[in-house]
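S.K.: Take a look at this one; I'll ask things after.
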Amino acid sequence: SSSSSSSKSNPNNNVVIIEITERIEPCGNLCKLDFIFNNPGTPQEKMEYCKEFLSWLDAKDGLRGWYAKVIGEGGTIRVGDVVSQLASTTL
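Yeah, the sequence shown ends on 91 if you go by the numbering used here, and it's all consecutive.
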């Protein structure tokens, strides 16, 4: 697991510091999606399809995100804001 802090500057020159805390792992709740849950087949076939889907999703780079928390006062982060890394730590 690793953690890093980033500074994000928005057009109003406010600085927001966030800490990336952990990677988001695909979970079984995704199996409730219509294209899996309403897929024809036995319950066992649906479960196997769901497991394959979760494995595929976990293996694809860029399809999942990261959890982050705001450090300090906070602020507003918008699409297009500049991001710069302040530090990196491997836990």
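Glycine residues also receive a C-beta, built at the ideal position from the N, C-alpha and C atoms. Model, not experiment: these values are computed from the prediction.
(1) With a threshold of 16 other CB atoms inside 10 Å of the CB of Val15, please say whether the residue is buried or exposed.
(2) Evaluate the contact criterion for the region 33 to 50 versus the region 69 to 85: three or more CB pairs, one atom per stretch, below 8 Å.
(3) Check whether the Cβ atoms of Ile20 and Tyr67 lie closer than 9 Å to each other.
(4) Rounded to whole angstroms, what is the Cα-Cα separation between Phe53 and Lys69?
(5) Provide the residue span of the alpha helix (DSSP H) that contains Ile77, from first to last.
M.R.: In short, the structure shows the following:
(1) Here Val15 is exposed, its C-beta having fewer than 16 other C-beta atoms within 10 Å.
(2) Contact between the region 33 to 50 and the region 69 to 85 is not established, with fewer than three Cβ pairs separated by less than 8 Å.
(3) Yes, the pair counts as a contact, with Cβ atoms nearer than the cut-off.
(4) Those two C-alpha atoms are separated by around 29 Å.
(5) Per DSSP, Ile77 belongs to no alpha helix (DSSP H) and is neither H nor E.
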